[in-house]
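Chains A and B, in that order, are what the protein sequence lines are. Note that full-length UniProt numbering gives residue 440 to position 440 of the first sequence, counting from 1, and the numbers run on in steps of one. Note that full-length UniProt numbering gives residue 64 to position 64 of the second sequence, counting from 1, and the numbers run on in steps of one.
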Amino acid sequence: MGTNCRHVFDRLQSFATCWKKNSTPTGRRVFHRDVEKEEFQYASTQCLSSYYSVFVVRLAIMAMLAILIGLLTFLTWHFTKIYTTKSLNSLAYDLRYELLQRPILRMWNILNSTSEITTAQVKLSQYVIRSHTNLATQADQVEMYDAMRAVTWALFASKRALNSITVKYKNGFVQAFHRDLKDNNTFYIYSDISNYSMASSGYNEINSLSPHEAWNDKDIHGNKSAIWYREPLDPVSGEKIGKVMPIAPEDSINIAGLSQVPDGVASWHVAVSKFTDSPLLSAALPVWDASNKSIEAVVGVTTALYSVGQLMKELVELHSGHMYLTSQEGYLLATSTNAPLLSNSTKPPKLKMAVDCENEVIREGAQWLQKTYGNNSPQSHEVHVENIKLGRQQYYIDSFFLNLKRLPLVHFKTLHLLLMVDLMCNIVLKILQLSKEDQVGVIIIPRKHIMGQADERAFKTLVILISASLCIIVIGCVCILILTNGVSKEMKLRAELISHLEARRKAEASSNYKSQFLANMSHELRTPMAAVIGLLDILISDDHLTNEQCATVTQIRKCSTALLRLLNNILDLSKVESGKLILEDAEFDLGRELEGLVDMFSVQCINYNVETVLDLSDDMPKLVRGDSARVVQIFANLINNSIKFTLSGHIVLRGWCENPNSCSDDTSFSLEEKKSRCSQKTKAKQHQNHAKRISNRDNKMKLWFEVDDTGCGIDPSKWESVFESFEQADPSTTRLHGGTGLGLCIVRTLVNKMGGEIKVVKKEGPGTLMRLYLRLSAPVDASEQHCQADFANKGLVVLLALQGNMGRSVTSKWLQKNGVVTMEASEWNGLTQTLRILFHARSSAQNNGFDANYSIHDNLKSKLLSIQELRNPVFAIAVDIGLLDLSTDIWKEQLNFLHKYFGRAKFVWILNHDSSNTIKMELCKKGHTLTVNKPFYKTKMIHILEAIIKERNDELPKKNMTPKARLKEGNLHESLEIDYTQCDVASSDGSDISEVGSSKHVSVSQDKQREKIVRSNPPSQHQINNFVELTNEYMEDSNPTKEELCQSSLNSNDVTANVTPKSSSTKQTSFATVAQGEDSEYGETRKVSSSSRAVSAKKSLEGLRILLAEDTPVIQRVATIMLEKMGATVVAVGDGQQAVDALNGIPGVEDCRRESLLKERSTRSSQTEILSYPPYDLILMDCQMPKMDGYEATKAIRKSEVGTGLHIPIVALTAHAMSCDEAKCLEVGMDAYLTKPIDFKLMESTILSLTRRTW
Amino acid sequence: MEVGQMQRQWLDYTRSLFLEGFLDAQFMQLQQLQDENNPDFVVEVVSLFFQDSERLLKDLTFALDQNAVDFKKVDAHVHQLKGSSSSIGAQRVKNACIDFRNFCEEQNIDACLRCLQQVKEEYCLVKNKLETLFRLEQQIVAVGGSIPLVEPTQMSF
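Below, the structure written as structure tokens:
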């Protein structure tokens, strides 16, 4: 029991700890993910096992309860029953013993009293007989007999239980008292005295001879002749109360004779008589004479055993049951019933055997005893048997063996034998020798009497206990079920939850692995693609391909590019997802980036007949801080998307700024600031009165953008979902346009990363309108970025003859906002009409107002009126080359027609990318030098207008002198190719007109010109380089007039340099001047040499000095050659330390041993000069090097730069393609990052972008 | 032997080198970089590579022979070897180096030794191949022919 309890307790304890363990990990989850994982696994197994153990525990508890209650019940029942039974049994035994003892005691008493009486009678008889020894006469004899009678009566009367006392004399005389118990009468019986008087003498003789024979003979003789009398007596007084009646001898009683005392000793019998129905106990003793030699008389005493039976009855009545007393042989002596003890059927009556008793219970009990023990009664002489089935009831049977040996009759031994002969009745008595007599008392008590209640109660108690325990078990089980049901439910839920968490964790892990895998695969994926594309390029450039092959290869090239883009997209996405995307924070020109983007896409759009328009408001900051590449990527994706779905119409990229601080006081403050600033500056600059932005560095600006297209649009229900991964508005578009649906997802991720939002906005008309805002911080000096030319009072009139409606209206709106009178024409006829109106009306207006012949609508009229008001209007006509009919030769006519207005207006030609050279040449020939490429947007417009205004300002004084000649000359030689990359410089400040004017003499010799340039403020180095590149290309395109154009390009070089105004804010350094001079020198020499050489190699890095720090000789060599191929001067060093030394001006020539001889030769002259300045434009730095690795070297370099204001771009070279390396590179201060093996083109573009940016 | 035939043989041999993966596009870039200014550029770079690689392999063998292997050092050597081999386009050496580095990170000496053996084999192979190639070139030059331009279009990738 105890162990069971402990077992259950242990289980419960483990259960509780299990729960505790379950609950703890949830608390710690936030902090330790790894720990949580383990805990999860542990807890889940624990929980599952405990989940099963709950069932076991539940069953165990139930079983325990059942056993417990059952045991309790049983024990209770057992103890009550057993102890009760035991005590009852002992009690019952005592009772039975006692019960049986009493009749035996009675029996004993009877025997005792009988023997006492007998003894007394014998003594008295002896005394009487001895006193009458000499019986001479009959009278003496009678006297003796009377005395004997009186004595005997006294004894008889004293003992009421006596049945009879008899005295038989040797002469045959009989004296007897008899008490009839039935009718309570007392009789005196005697024989006739006369018959015996004679024989007394002879008796003695005979007796002396042979006493026995004599007695016998005489008795027989005498008896035959004897007459007995019976007289009733008063039982109390003994007086004769009735008449004496003669009776037959032995008629009523047995007279004990000599035969009964054969040895002269006492004898006992149980006898029956016909007068009583109960056995009698009779004792006989001889009376000896004085000499003790002869027997004088025999005394017999008879006692009825009736009283024993009576006692038994009384007892049984009180206690129930049956009782009987038998002799050893089995004769019944007494029973507790009324059943007769004598068999009536036989004559003479005999004692019944117990087994023949009429009472069933006694008979059966006796039979059972006989059957069980046979005649051999057990040695102990006692039998105690319980639960014997007699009849229909159970009984106890107890049998006691009474040994009567110790009866005090021993001293009668010497008594003479008495022979008792009953001649008269011939009743054969069964005589029992009492000396050996053993009596058997049997008591049979029904079990019910003793154990009845106990049995009943025990049974009832058992039933009640069992039913109660059953009830308790059932209720307990139900309770346990109810209780544990809740627990098991919770366990189930918990297990489910755990399995869910497990599943989620797995899913998260796998997704994480996926992202990481993709991010890690970047190198492995991109490299083969790059190789494929490169090889395809080579293949395409091969002439030997058939047309079919070429088409196939081109197709493959396209597919590969698409695949590469897709790869990049996926990698971007996975980079973002794996959290490896780190946004750069660098200043960049937002406007310029977007313009570049629009330029790029416009090429694509032309094929689709879609117009790409950039519409940035004036309040957009010029420079912002952020990740330019990612910003560009956002818009590239958006525009790309738009282009995909827009077949015709336009795509507009709008941008404006929402300034949270744009209050009224802002403007006033800015105006004040402006004034103070203006006072310091040259007066020549026009005052600009548009509101300046004062932006706090910390305060990020909210820049709004819209990408608006006229494509198929997006269903409003998909406006949210298009930004999900792999989601496309219409699945069918995949077939039509391809794509994966990753673009917009990347866009949204990037926008969100920049603190912005993107959504699709409802739009009027067809198409989609995406609106987004980015939070970008503008640098502190943002106020200076907004210097824009003010054209309001310059008297400008612009005629926009553009094909695209959107672009035109956007441009014209902007122009009008800036106070420029604008007119529009969308096709050739409109243009001619407007021209005619404009110029003819003007000419006529000068005379007499408008010509009524021309129908002019009001709008135009008002414009014309405003034009008229201008004092000295300058006309600028922007003509889209697409307006000309290029399919036929009509365009030449049209060109001639327009040429008529050449003197009166400035023509700006807007060329397509695919405009043929003949047209360009033709335009050039005619002196139309202002050409721009499509798309046409604000910055280009500003630039054109500024150029025009400048030109006019130049012309005005010249016109005063020799206007015609100057004009002609200027126009002939001026080829204004507008490189928009210069625009920021160009438009960033007002022009220094006076200086430009002075440097405008083209007739001066080159040497002179150079000196001027040196004096003037030069543009940045790379600008020159770019220009050189441009002119080179141009030169290659137009081979026939190479020499001539070379000259002209040189001129234009100078012109551009001059036109491009000096930036007042730019720091002037003398070394830059020198460098610039040298650069142009190289440019010249190279041009000369390159004209003779094959023109395949583009020396894009001409003039750059690059320090290469690389330890692996092979890579060092390869990189050197590559860079030299691009025209750069390379100094190679072996480790980071050397690189730092080389930079710090200890550039031993021996360190530069790997510098190519050729370059050394060509740069020797200049090198000495360069050495006094930071000698390198760029450093290529390997990351892993001995002594000092790339990171350390970069740190050292950057440290040394602190305070000098210099910043040498450092490009990392690394074999690791991981973004973490990239991050590390950028962290230590490197500017860019190239992976090994070095890709020719990538290196070129990287170096170019870096060198351009720094200047 | 006729010059044309030798040139064709050279071309075939080069193509086979590419096909069997001994060399990759990087080698082609090298060949393209070679011009009259640097007539022996490829040979120069490749012999540099041989010198460097032999030194590195010697160092590696020594480093791995030590009782306590300095895996950092080994890794650095292998990294260098990988860089130089990828720069000349010895693709198979590079790939072997990549495996090598992985085992290096695991610090598995047995695998590293195995890898070293493999790298050595690959290096010898590519060295033999390249030497054969250069011999062919020399023969062509000796006969007076010019080394045909690398025309990647003829190579079927």
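Where is the CB? At the ideal position from N, CA and C, for every residue including glycine.
Would you verify that the beta carbon of residue i is, or is not, closer than 9 angstroms to some beta carbon of chain A?
| i | result |
| --- | --- |
| ILE88 (chain B) | yes |
| LEU48 (chain B) | yes |
| ALA63 (chain B) | no |
| VAL45 (chain B) | yes |
| PHE134 (chain B) | no |
| ASN95 (chain B) | no |
Looking at the C-beta of residue i, does it have a partner C-beta in chain B at a distance below 9 angstroms?
| i | result |
| --- | --- |
| residue 1256 (chain A) | Residue 1256 (chain A) lies beyond the residue range present for chain A, which begins at 1 and ends at 1255; the question has no answer from this structure. |
| GLN1184 (chain A) | yes |
| ILE1210 (chain A) | no |
| ASN1025 (chain A) | With a pLDDT of 44 at ASN1025 (chain A), under the threshold of 50, the predicted position of this residue should be treated as unreliable, though the coordinate-derived value follows. No - not a single Cβ of chain B is within 9 angstroms of the one on ASN1025 (chain A). |
Going by Cα to Cα distance, which pick from the options is closest to residue i?
| i | options | result |
| --- | --- | --- |
| TYR306 (chain A) | A:ILE295, A:TYR324, A:VAL298 | A:TYR324 |
| SER628 (chain A) | A:LYS1199, A:SER721, A:GLU951, A:SER777 | A:SER777 |
| GLN1116 (chain A) | B:VAL45, B:ALA25, B:ASN37 | B:VAL45 |
| GLU706 (chain A) | A:GLU724, A:VAL652, A:LYS900 | A:VAL652 |
| ASN568 (chain A) | A:GLU593, A:GLU524, A:LYS920 | A:GLU524 |
| ALA530 (chain A) | A:THR1246, A:ASP572, A:ASP1239 | A:ASP1239 |
Take the Cβ of residue i as the centre, count every other Cβ of all protein chains shown within 10 Å, and call the residue buried at 16 or more, exposed below.
| i | result |
| --- | --- |
| PHE27 (chain B) | buried |
| PRO1209 (chain A) | buried |
| HIS943 (chain A) | buried |
| THR1194 (chain A) | buried |
| THR546 (chain A) | exposed |
| HIS544 (chain A) | exposed |
| GLU951 (chain A) | buried |
| ALA1075 (chain A) | A caution first: ALA1075 (chain A) carries a pLDDT of 40, below 50, which makes its placement in the model too unreliable to give a value. |
| GLN1138 (chain A) | buried |
At the level of alpha carbons, what is the spacing between residue i and residue j?
| i | j | result |
| --- | --- | --- |
| GLU2 (chain B) | LYS1125 (chain A) | 34 angstroms |
| MET1230 (chain A) | ILE910 (chain A) | 41 angstroms |
| ARG29 (chain A) | ALA636 (chain A) | Residue confidence is low: ARG29 (chain A) scores 41 on pLDDT, short of 50, so the model does not pin down where it sits. No coordinate-derived value is stated. |
| VAL631 (chain A) | LEU796 (chain A) | 36 angstroms |
| ARG526 (chain A) | THR1235 (chain A) | 11 angstroms |
| SER336 (chain A) | VAL308 (chain A) | 9 angstroms |
| SER237 (chain A) | SER191 (chain A) | 22 angstroms |
| MET144 (chain A) | HIS178 (chain A) | 20 angstroms |
| ILE1197 (chain A) | ARG1105 (chain A) | 17 angstroms |
| SER47 (chain B) | SER86 (chain B) | 15 angstroms |
| LEU111 (chain A) | THR119 (chain A) | 12 angstroms |
| PRO103 (chain A) | GLU317 (chain A) | 14 angstroms |
| LEU369 (chain A) | PHE156 (chain A) | 40 angstroms |
| VAL93 (chain B) | THR132 (chain B) | 18 angstroms |
In this structure, does DSSP put residue i in helix, strand or coil?
| i | result |
| --- | --- |
| TYR13 (chain B) | helix |
| TYR937 (chain A) | coil |
| TYR513 (chain A) | helix |
| PRO232 (chain A) | strand |
| THR1235 (chain A) | strand |
| TYR1176 (chain A) | coil |
| ALA586 (chain A) | strand |
| THR1129 (chain A) | strand |
| HIS322 (chain A) | strand |
Using beta carbons (cut-off 9 angstroms, strictly below), is residue i in contact with chain C?
| i | result |
| --- | --- |
| ASN102 (chain B) | Absence of chain C from the displayed structure is noted, the protein chains being A and B. |
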